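J.: Chains as they are written, first to last, in this note's numbering: chain A, 1 to 431; chain B, 1 to 475.
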Amino acid sequence: MASAHSIPSIEERFEFTSGAKQKLLIGGAIGLALVLIGAFLLANGSGHEAAHGAEHAEGAAHHTSNWMTRIWANIWVNSVYFTGISVIGLFFISYNYLAQSGWSVVFKRIPEAMPAFLPVTGIIMLITFFAAGHDLFHWTHEGLYEVGGPEYDPIIAGKQGFLNTPFFLARLVFYFVSWYMLWKVIRNASLQEDEIGGVDMYNKSVKFGTAFLVVFAVTSSTSAWDFVMSIDTHWFSTMFGWYTLASWHVSGLAVITLTVVTLREMGYLKAVNSSHLRDLGKFVFAFSIFWTYVWFAQFLLIYYANLPEETIYYKERFTGFGGIFKAPFFINLFLNFFFPFLVLMTRDAKATHSILKVACWSVLIGHYFDFYTNIMPGTVGANAGFGPVEFGFIILFTCAFIWFVSAQLAKANLIPKNHPMLEESLHHDIA
Amino acid sequence: MHVTSSVRPPLITGGKTYADVTEDICRQVEGKPTKEWKIAFTISVIVLAYGTACLFWTWWEGLGVWGLNKTVGWAWDITNFVWWVGIGHAGTLISAILLLFRQKWRTSINRAAEAMTIFAVLCAASFILMHMGRPWLAYWALPLPNAFGSLWVNFNSPLVWDVFAISTYFSVSLVFWYIGLIPDLATIRDRAQNKVSRYIYGTLAMGWNGSAKTWARYEYISLILAGLSTPLVLSVHTIVSMDFATSVIPGWHTTIFPPYFVAGAIFSGFAMVQNLMLITRVVYRLEDYITLEHIESMNKVITLTGSIVGVAYLTEFFIAWYSGVEYESYAFINRATGPYWWAYWTMMTCNVISPQLFWSRSIRRSVTWTFFISVIVNIGMWFERFVIIVTSLHRDYLPSSWAMFSPTMYDIGDYIFSFGFFFTLFLLFSKYLPVINMAEVKSVIRSSSEKLPAKVAGVAKGERVANPTFNKDAE
Numbered sequence: 001m002a003s004a005h006s007i008p009s010i011e012e013r014f015e016f017t018s019g020a021k022q023k024l025l026i027g028g029a030i031g032l033a034l035v036l037i038g039a040f041l042l043a044n045g046s047g048h049e050a051a052h053g054a055e056h057a058e059g060a061a062h063h064t065s066n067w068m069t070r071i072w073a074n075i076w077v078n079s080v081y082f083t084g085i086s087v088i089g090l091f092f093i094s095y096n097y098l099a100q101s102g103w104s105v106v107f108k109r110i111p112e113a114m115p116a117f118l119p120v121t122g123i124i125m126l127i128t129f130f131a132a133g134h135d136l137f138h139w140t141h142e143g144l145y146e147v148g149g150p151e152y153d154p155i156i157a158g159k160q161g162f163l164n165t166p167f168f169l170a171r172l173v174f175y176f177v178s179w180y181m182l183w184k185v186i187r188n189a190s191l192q193e194d195e196i197g198g199v200d201m202y203n204k205s206v207k208f209g210t211a212f213l214v215v216f217a218v219t220s221s222t223s224a225w226d227f228v229m230s231i232d233t234h235w236f237s238t239m240f241g242w243y244t245l246a247s248w249h250v251s252g253l254a255v256i257t258l259t260v261v262t263l264r265e266m267g268y269l270k271a272v273n274s275s276h277l278r279d280l281g282k283f284v285f286a287f288s289i290f291w292t293y294v295w296f297a298q299f300l301l302i303y304y305a306n307l308p309e310e311t312i313y314y315k316e317r318f319t320g321f322g323g324i325f326k327a328p329f330f331i332n333l334f335l336n337f338f339f340p341f342l343v344l345m346t347r348d349a350k351a352t353h354s355i356l357k358v359a360c361w362s363v364l365i366g367h368y369f370d371f372y373t374n375i376m377p378g379t380v381g382a383n384a385g386f387g388p389v390e391f392g393f394i395i396l397f398t399c400a401f402i403w404f405v406s407a408q409l410a411k412a413n414l415i416p417k418n419h420p421m422l423e424e425s426l427h428h429d430i431a
Numbered sequence: 001m002h003v004t005s006s007v008r009p010p011l012i013t014g015g016k017t018y019a020d021v022t023e024d025i026c027r028q029v030e031g032k033p034t035k036e037w038k039i040a041f042t043i044s045v046i047v048l049a050y051g052t053a054c055l056f057w058t059w060w061e062g063l064g065v066w067g068l069n070k071t072v073g074w075a076w077d078i079t080n081f082v083w084w085v086g087i088g089h090a091g092t093l094i095s096a097i098l099l100l101f102r103q104k105w106r107t108s109i110n111r112a113a114e115a116m117t118i119f120a121v122l123c124a125a126s127f128i129l130m131h132m133g134r135p136w137l138a139y140w141a142l143p144l145p146n147a148f149g150s151l152w153v154n155f156n157s158p159l160v161w162d163v164f165a166i167s168t169y170f171s172v173s174l175v176f177w178y179i180g181l182i183p184d185l186a187t188i189r190d191r192a193q194n195k196v197s198r199y200i201y202g203t204l205a206m207g208w209n210g211s212a213k214t215w216a217r218y219e220y221i222s223l224i225l226a227g228l229s230t231p232l233v234l235s236v237h238t239i240v241s242m243d244f245a246t247s248v249i250p251g252w253h254t255t256i257f258p259p260y261f262v263a264g265a266i267f268s269g270f271a272m273v274q275n276l277m278l279i280t281r282v283v284y285r286l287e288d289y290i291t292l293e294h295i296e297s298m299n300k301v302i303t304l305t306g307s308i309v310g311v312a313y314l315t316e317f318f319i320a321w322y323s324g325v326e327y328e329s330y331a332f333i334n335r336a337t338g339p340y341w342w343a344y345w346t347m348m349t350c351n352v353i354s355p356q357l358f359w360s361r362s363i364r365r366s367v368t369w370t371f372f373i374s375v376i377v378n379i380g381m382w383f384e385r386f387v388i389i390v391t392s393l394h395r396d397y398l399p400s401s402w403a404m405f406s407p408t409m410y411d412i413g414d415y416i417f418s419f420g421f422f423f424t425l426f427l428l429f430s431k432y433l434p435v436i437n438m439a440e441v442k443s444v445i446r447s448s449s450e451k452l453p454a455k456v457a458g459v460a461k462g463e464r465v466a467n468p469t470f471n472k473d474a475e
């Protein structure tokens with residue numbers, strides 16, 4: 001702590017080295033190879049196909065799942081997950097502006113870089129919906145809406161005003177376009193501030209950040225209904241939007257924290273001190289508890305009221321499909337609540353790199369499983385599993401995400417040197 | 001070294017010194033009660049007396065004096081209960097969550113907001129006792145060993161969770177508030193001019209001596225209590241919402257209830273804080289401490305939480321349709337268009353639309369508008385609970401049991417009781433205790449004053465310091 005009052009230079013530029021690029025490319029190649037190997041194994045009938053026949057009766061509402069569905073479902077899980085992480089970067093920036101927060105300025109370029117990945121997941125999700133919408137989204141089947149037809153489902157037909165392909169696509173496009181455009185405005189304002197200084201860009205960012213929060217207040221919920229809840233088409237929960245937001249939020253915070261720690265270990269962000277780290281740790285700690293609160297409130301109310309149309313959701317995840325989702329269901333709770341709760345509890349833990357890393361990885365892996373348990377049962381059901389395909393896609397998406405964020409970070413000074421709150425942040429001291 | 005950015009608006013105006021803070025805030029504690037205070041207090045006590053008479057009759061005669069019927073078995077009693085608990089939430093949010101977020105503007109308002117919390121929770125608890133009908137058996141809600149055989153509280157019931165949640169919340173809030181008071185009580189003790197007040201404030205100050213060690217302890221315990229209170233802010237209203245949401249009544253059973261109730265609680269609580277603070281700052285001439293900046297910040301919180309509540313309303317409405325559950329859909333359409341449409345639209349207008357006016361900077365910095373909208377918000381939040389409770393109940397599953405609720409004078413009188421009770425307590429507080437935390441305001445003077453006086457410490461004026469009758473050094 002002796003150096004707490006000597007402020008290191010704020011002129012720092014992140015270099016996205018060719019070595020790092022090479023590593024990411026190798027990582028991506030490994031991911032791709034795993035996906036291909038996994039796909040080959042699945043297509044040739046090994047893996048979890050054995051459970052297929054026995055359990056299929058439970059997922060009667062779904063079409064015959066084949067191995068391609070599992071591939072698409074994996075793409076969807078990862079896309080939803082990384083979309084969330086990316087957009088949370090902007091969410092974090094926006095509420096920090098609105099709340100006039102000063103402490104976070106020194107590492108603000110990191111959340112600011114995260115939404116750069118949005119176009120990637122947006123395009124992937126569009127393609128996926130066109131290519132495999134029928135396999136992933138039960139409600140896209142036209143027969144469900146034909147009165148008197150063999151497949152007619154009056155409940156799903158009642159949702160047609162919302163769940164129909166044109167409206168769904170319009171929403172999907174709207175989410176990505178509005179998020180991305182608002183990010184562009186805020187990001188450009190931030191970059192311009194580096195050049196010209198003053199408080200105009202700051203005021204502009206407050207304004208557009210608030211505009212984003214208004215947009216996100218609605219779209220965070222509706223996108224959660226679209227991307228995840230509509231997969232289990234009959235099922236509904238008013239909490240679901242906020243539940244998904246809580247999941248995205250804590251994952252985004254974990255990515256921010258992990259990136260700050262990693263950059264520090266690479267010799268960057270010397271101006272980030274232990275007070276910043278502790279506050280980041282507190283955010284991850286607090287919002288992992290918040291996610292658990294939302295998760296538990298939703299679970300408890302459905303469990304307690306015990307209405308069949310609601311409990312089926314947990315029933316499927318608990319005992320359905322031969323119980324294959326029971327493990328991810330509990331892994332989810334363990335990694336997202338118990339582990340970070342215990343590990344991040346003490347004061348010093350939150351300022352210790354190694355502990356922050358362990359806790360953030362726990363949260364990140366945990367929330368992958370959160371989306372996994374929400375998406376897989378309704379899409380692949382008994383054919384789900386965790387093998388080379390799942391692992392490969394995680395690696396692939398992670399490498400791509402790191403690539404885009406790194407490229408974005410390299411575009412500007414790592415510390416927003418003319419931000420009017422920067423001095424506060426550089427002297428942040430909560431000892 | 002802490003730095004305050006130049007874009008941050010100042011929180012204290014008038015170039016106050018530490019001595020000024022003490023003088024300005026102790027003035028009303030040490031002076032004689034003003035005429036305004038006496039009038040307000042008399043009115044409160046009269047209201048309380050009337051309410052007490054109504055309450056006495058409710059208990060004497062039984063709950064039959066209320067307008068409840070076989071279909072609507074819960075109405076104003078629980079509406080009032082939830083309303084008051086909700087109001088309490090702002091105090092804890094300000095004292096605990098804003099402390100964790102190191103929001104300096106909380107220092108001028110936390111004391112009064114916490115006091116409001118405690119009194120509001122007492123009012124809420126009074127409705128629990130009221131609707132028990134036989135308050136002398138209230139201890140049956142506690143898991144005490146008893147001589148009634150296997151009689152034990154039903155731990156499966158959210159009403160029992162409520163008993164634990166509210167009593168925990170009350171205890172922690174009281175301790176938090178009291179510990180925050182101790183340094184200020186010591187200041188008043190040291191300035192006391194007669195034996196009685198020196199004895200009373202001295203006892204309450206628990207031997208505070210202002211040493212570095214006591215301050216360190218003060219800060220530790222504040223943080224610990226803030227850490228304890230933060231989950232309580234969420235848990236209390238979560239459990240209150242579960243009183244409804246665990247059931248299978250259409251309109252009650254919806255999973256968004258817990259966080260949405262919490263947001264609504266903070267929303268109404270801030271509105272009540274605004275009402276109380278706007279009056280206090282004028283009557284006690286505290287405009288330099290509770291500035292337009294504070295009012296604006298609180299209005300922003302009101303807009304935020306009001307919008308969260310609005311999103312929740314729309315979500316509920318949407319999912320009621322989306323679910324395809326006809327009972328649920330009916331419950332919501334009936335709310336908006338049925339016989340209680342006026343209650344529903346009052347709620348919508350007051351809670352969702354009115355706070356949106358605060359998007360205008362001039363409105364959210366206007367004292368008159370703020371006061372007006374805050375009253376509107378609290379009316380809206382009362383109607384919200386009324387809508388949830390009564391509209392869901394008045395349409396029974398059996399259409400032959402459909403009924404309406406009309407309040408009797410005892411429903412109204414018992415509600416009036418809580419107002420009398422609340423304002424009597426609040427007026428006593430605002431006379432005999434410092435309404436602003438002097439010690440904590442002093443801690444932000446250096447960083448957040450509009451202009452710093454040449455000597456921050458200042459020179460104590462007035463006879464109390466120049467000529468203290470009971471100087472501690474003299475003993």
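Heads up, the beta-carbon is just placed ideally off N, CA and C, and yes, glycines get one too.
Just so you know, these numbers come straight off a predicted model, no measurement behind them.
1) Using DSSP with H/G/I as helix, E/B as strand and the rest coil, what is SER432 (chain A)?
2) I'd like to check one pair, PHE270 (chain B) with ALA96 (chain B): are the Cβ atoms closer than 7 Å?
3) Per DSSP, which one or two residues make a beta bridge with ASN413 (chain A)?
4) Can you pull the DSSP bridge partners for ILE12 (chain B)?
5) Assign TRP60 (chain B) to one of two classes, buried (16 or more other C-beta atoms within 10 Å of its C-beta) or exposed (fewer than that).
6) Give the interface partners of ALA245 (chain B) over in chain A, defined as CB-CB distance under 7 Å, in chain order.
7) Do GLY89 (chain A) and MET114 (chain A) count as a contact pair if the criterion is CB distance below 7 Å?
8) Quick one: what's got a C-beta closer than 7 Å to GLY458 (chain B)'s C-beta in the same chain, skipping five residues either side?
9) Report yes if the CB atom of VAL105 (chain A) is closer than 7 Å to the CB atom of LEU422 (chain A), and no otherwise.
10) Ignore the nearest five residues each way along the sequence and tell me which others in TYR289 (chain B)'s own chain have a CB closer than 7 Å to its CB.
11) Return helix, strand or coil for SER425 (chain A), following the three-state DSSP convention.
12) Figure out for me which residue from A:SER205, A:ALA431, A:TYR368 has the closest Cα to the Cα of ASN96 (chain A).
13) Quick one, which residues of the region 296-324 of chain B are near chain A if we go by CB-CB under 7 Å, in chain order?
14) So is MET421 (chain A) in contact with chain B if we call contact Cβ pairs under 7 Å?
15) List, in order along the chain, the chain B residues whose C-beta lies closer than 9 Å to that of TYR293 (chain A)?
16) I'd like to know if LYS159 (chain A) contacts chain B, where contact means its C-beta is closer than 7 Å to some C-beta of that chain.
17) Could you tell me if LEU36 (chain A) is buried or exposed, where buried requires 16 or more neighbouring beta carbons within 10 angstroms of its beta carbon?
18) Would you kindly work out how many angstroms separate the C-alpha atoms of LEU204 (chain B) and SER173 (chain B), rounded to a whole number?
19) Does the beta-carbon distance from TYR243 (chain A) to GLN298 (chain A) come in below 7 Å?
20) Looking only at C-alpha atoms, which of B:ILE221, B:ALA343, B:GLN356, B:ARG361 sits nearest to ILE373 (chain B)?
21) If I'm right that ASN80 (chain B) touches TYR410 (chain B) with Cβ under 8 Å, what's the distance once you round it to whole angstroms?
22) Measure the C-alpha to C-alpha separation of GLU12 (chain A) and ARG264 (chain A) and round it to an integer number of angstroms.
23) In chain A, what lies closer than 9 Å to ARG335 (chain B) by C-beta?
24) Does MET239 (chain A) have its Cβ less than 7 Å from a Cβ in chain B?
25) What three-state label does DSSP hand THR255 (chain B) in the structure shown?
26) Tell me the residue span of the alpha helix (DSSP H) that contains SER197 (chain B).
27) Thinking ARG335 (chain B) and THR391 (chain B) are a contact (beta carbons under 8 Å), I'd like their distance in whole angstroms, please.
28) Whole angstroms are fine: how far does the CA of ALA320 (chain B) sit from the CA of TRP382 (chain B)?
29) Run down chain B in chain order and give the residues with a C-beta less than 8 Å from the C-beta of GLU199 (chain A).
30) Do the region 109-119 of chain B and the region 157-176 of chain B touch if we need at least three Cβ pairs shorter than 8 Å?
31) With a cut-off of 7 Å, does the C-beta of HIS89 (chain B) fall near any C-beta of chain A?
32) Looking at C-alpha atoms only, which residue of B:SER307, B:MET277, B:THR254, B:THR291 is the closest neighbour of ALA331 (chain B)?
33) In whole angstroms, what separates the C-alpha of LEU99 (chain B) from that of ASP279 (chain A)?
34) Would you check if the region 359-379 of chain A and the region 229-238 of chain A touch, i.e. whether three or more CB-CB distances between them fall below 8 Å?
35) Give the single residue among B:SER126, B:GLY67, B:LEU93 whose Cα lies nearest to the Cα of ASN110 (chain B).
36) Please classify GLU49 (chain A) as buried or exposed, where buried requires at least 16 other C-beta atoms within 10 Å of its C-beta.
T.: Here's the rundown:
1) Because residue 432 (chain A) is not part of the residues shown, which for chain A are 1 to 431, the question remains open.
2) Cβ distance not < 7 Å, so ALA96 (chain B) and PHE270 (chain B) don't count as in contact.
3) Among the bridge pairs identified by DSSP, ASN413 (chain A) is matched with A:ARG13.
4) Answer by DSSP bridge pairing, in chain order: B:SER449.
5) When all chains shown are included, TRP60 (chain B) counts as exposed.
6) Neighbours of ALA245 (chain B) on chain A, chain order: LEU301.
7) Result yes, Cβ atoms of MET114 (chain A) and GLY89 (chain A) sit closer than 7 Å.
8) Within the same chain, GLY458 (chain B) has close Cβ partners THR17, TYR18, ALA19, ASP20.
9) Taking the C-beta atoms as reference points, LEU422 (chain A) is found nearer than 7 Å to VAL105 (chain A).
10) Excluding sequence neighbours, TYR289 (chain B) sits near ILE12, SER108, ILE436, VAL441.
11) If DSSP states are grouped into helix, strand and coil, SER425 (chain A) belongs with the helices.
12) That would be A:SER205, whose Cα lies nearest to the Cα of ASN96 (chain A).
13) Cβ contacts with chain A come from SER307, VAL311, THR315, GLU316, ILE319, TYR322, SER323, GLY324.
14) Closer than 7 Å: yes.
15) What TYR293 (chain A) touches in chain B: PRO231, LEU234, SER235, THR238, PRO258, PRO259.
16) LYS159 (chain A) has a beta carbon lying within less than 7 Å of a beta carbon in chain B.
17) LEU36 (chain A) counts as exposed, since fewer than 16 other beta carbons sit within 10 angstroms of its beta carbon.
18) In this structure, the CA atom of LEU204 (chain B) is about 17 Å from the CA atom of SER173 (chain B).
19) Closer than 7 Å, so yes.
20) Its Cα nearest to that of ILE373 (chain B), the residue B:GLN356 stands out among B:ILE221, B:ALA343, B:GLN356, B:ARG361.
21) Between TYR410 (chain B) and ASN80 (chain B) the Cβ distance is about 13 Å, and since that is not below 8 Å, they are no contact.
22) Computed Cα separation, rounded: 12 Å.
23) In chain order: nothing, as chain A lies at least about 15 Å away.
24) Yes - at least one Cβ of chain B is within 7 Å of the one on MET239 (chain A).
25) Reduced to three states, the DSSP call for THR255 (chain B) is coil.
26) Here the alpha helix (DSSP H) through SER197 (chain B) covers 195-204.
27) Contact holds; Cβ gap of about 5 Å.
28) If I take the Cα positions, the gap works out to 23 Å.
29) First, the amino acid is wrong: residue 199 (chain A) is Val here, not Glu. The CB of VAL199 (chain A) comes closer than 8 Å to the CB of VAL7 in chain B, given here in chain order.
30) Contact between the region 109-119 of chain B and the region 157-176 of chain B is present: three or more C-beta pairs spanning the two stretches fall below 8 Å.
31) Cβ-Cβ to chain A under 7 Å: no for HIS89 (chain B).
32) That would be B:THR254, whose Cα lies nearest to the Cα of ALA331 (chain B).
33) Roughly 13 Å between the two C-alpha positions.
34) Result yes; three or more Cβ-Cβ pairs closer than 8 Å.
35) Of the listed residues, the one whose Cα sits closest to ASN110 (chain B) is B:LEU93.
36) Reliability of the predicted coordinates at GLU49 (chain A) is poor, the pLDDT of 45 falling under 50, and the value obtained from them is presented with this limitation in mind. The residue in question, GLU49 (chain A), is buried, as its Cβ has 16 or more Cβ neighbours within 10 Å.
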